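Asker: Chains as they are written, first to last, in my numbering: chain A, 1 to 114; chain B, 115 to 228. Each residue gets a CB set at the ideal place from its N, CA and C atoms; glycine is no exception. Being a predicted model, the structure only gives us computed values, none of them experimental.
Right under this line is the structure:
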């Protein structure tokens, strides 16, 4: 049963600390998405990659957020320094890039910045 | 640009009653349409999708949706709701090229009462 996995599932940190979230896409999927979900804004696309290359990261605050794919089995989203307004659930999703871009979501990382 | 509108933020139905969640989309060509469900504390799970062909699409958990091009709608239905259906439901539209991310609606929260 192929699934997208995310670690950690929960993270509590203090303002100013660095946070790294990891995602393992489904094997064979070449497109990876990062979303942020909050009560106020709903589901927001932060960035996405195809074949490990960033295609769009316009939804991401550039000064503190960075997203990378060191290899085809790992995507990372880093926040440095973190702020309380970054508290949200961060989802990773993967797909094959075809047929309307059907996406498969991970369970999310719930981030709380104090 | 693509957009998705889910007019109902929150719906409450009685267990056993029928359900219809509304979704309207804006897209210049033939869209690829999706419904996802998010249970509390979980990621998004695909319920069903429409790519082409029969406009009435069957999904998992007894859900179905009907694509109506003339109304730019893709409403989700279930004839008899179960308490376990209480969740957040998201409609999404994708481009036929598959090279752009899905656009999600803001979601409709479904509550089920006895």
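Would you kindly work out how many angstroms separate the C-alpha atoms of residue 171(B) and residue 189(B), rounded to a whole number?
Answerer: Between residue 171(B) and residue 189(B), the alpha-carbon positions lie close to 10 Å from each other.
Asker: Is there contact between the stretch 29–36 of chain A and the stretch 90–98 of chain A, where contact requires at least three CB pairs shorter than 8 Å?
Answerer: Here the stretch 29–36 of chain A makes contact with the stretch 90–98 of chain A; the two share three or more CB pairs at distances below 8 Å.
Asker: Nearest to residue 174(B) by CA position, among 119(B), 180(B), 163(B) and 147(B), is which residue?
Answerer: 163(B)
Asker: Check the Cβ-Cβ distances between residue 48(A) and every residue of chain B, and say whether any is below 7 Å.
Answerer: yes
Asker: Taking the continuous beta strand (DSSP E) assigned at residue 26(A), which residues delimit it?
Answerer: Segment: none, residue 26(A) is in no beta strand (DSSP E) and carries neither H nor E.
Asker: Counting only runs that start and end within the stretch 140–215 of chain B, where is the beta strand (DSSP E) found for 3 or more residues in a row?
Answerer: The qualifying runs are 146–152, 158–164, 170–172, 178–182, 187–192 and 201–208.
Asker: Would residue 116(A) be called buried (16 or more neighbouring beta carbons within 10 Å of its own) or exposed?
Answerer: Coverage of chain A is limited to positions 1 through 114, which leaves residue 116(A) absent and any answer about it impossible.
Asker: Can the beta-carbon of residue 77(A) be found less than 7 Å from the beta-carbon of residue 21(A)?
Answerer: Yes, these two residues count as a Cβ contact at 7 Å.
Asker: With a CB to CB cut of under 6 Å and the five nearest residues on each side skipped, what residues in its chain are close to residue 12(A)?
Answerer: 112
Asker: Which residue marks the beginning of the beta strand (DSSP E) containing residue 123(B), and which one marks its end?
Answerer: Premise fails: residue 123(B) is in no beta strand (DSSP E) and is neither H nor E.
Asker: Chain B beta carbons: is any one of them nearer than 7 Å to that of residue 8(A)?
Answerer: No, residue 8(A) does not count as interfacial toward chain B.
Asker: Any chance you could list the beta strand (DSSP E) runs of at least 3 consecutive residues sitting entirely within the stretch 81–114 of chain A, in chain order?
Answerer: 88–95 and 109–113
Asker: Give me the chain B residues within the contact set of residue 70(A), using Cβ-Cβ distance strictly less than 9 Å, ordered along the chain.
Answerer: Correct list: empty, because the minimum Cβ distance to chain B is about 22 Å.
Asker: Does the contact criterion of 3 or more C-beta pairs under 8 Å hold for the stretch 49–62 of chain A versus the stretch 102–110 of chain A?
Answerer: no
Asker: Ignore the nearest five residues each way along the sequence and tell me which others in residue 121(B)'s own chain have a CB closer than 8 Å to its CB.
Answerer: Only 136 and 138 meet the Cβ criterion.
Asker: How would you write the range of the beta strand (DSSP E) that residue 78(A) sits in, first residue to last?
Answerer: 74–79
Asker: For residue 220(B) and chain A, any beta-carbon pair shorter than 7 Å?
Answerer: It does; some Cβ of chain A falls within 7 Å.
Asker: From which residue to which residue does the beta strand (DSSP E) around residue 6(A) run?
Answerer: Boundaries of the beta strand (DSSP E) around residue 6(A): 5–7.
Asker: When you compare only the Cα positions, how much space is there between residue 95(A) and residue 130(B)?
Answerer: CA-CA distance, residue 95(A) to residue 130(B), rounds to 35 Å.
Asker: Would residue 16(A) pass as an interface residue toward chain B - the criterion being a Cβ-Cβ separation below 7 Å?
Answerer: At a cut-off of 7 Å, the C-beta of residue 16(A) has no neighbouring C-beta in chain B.
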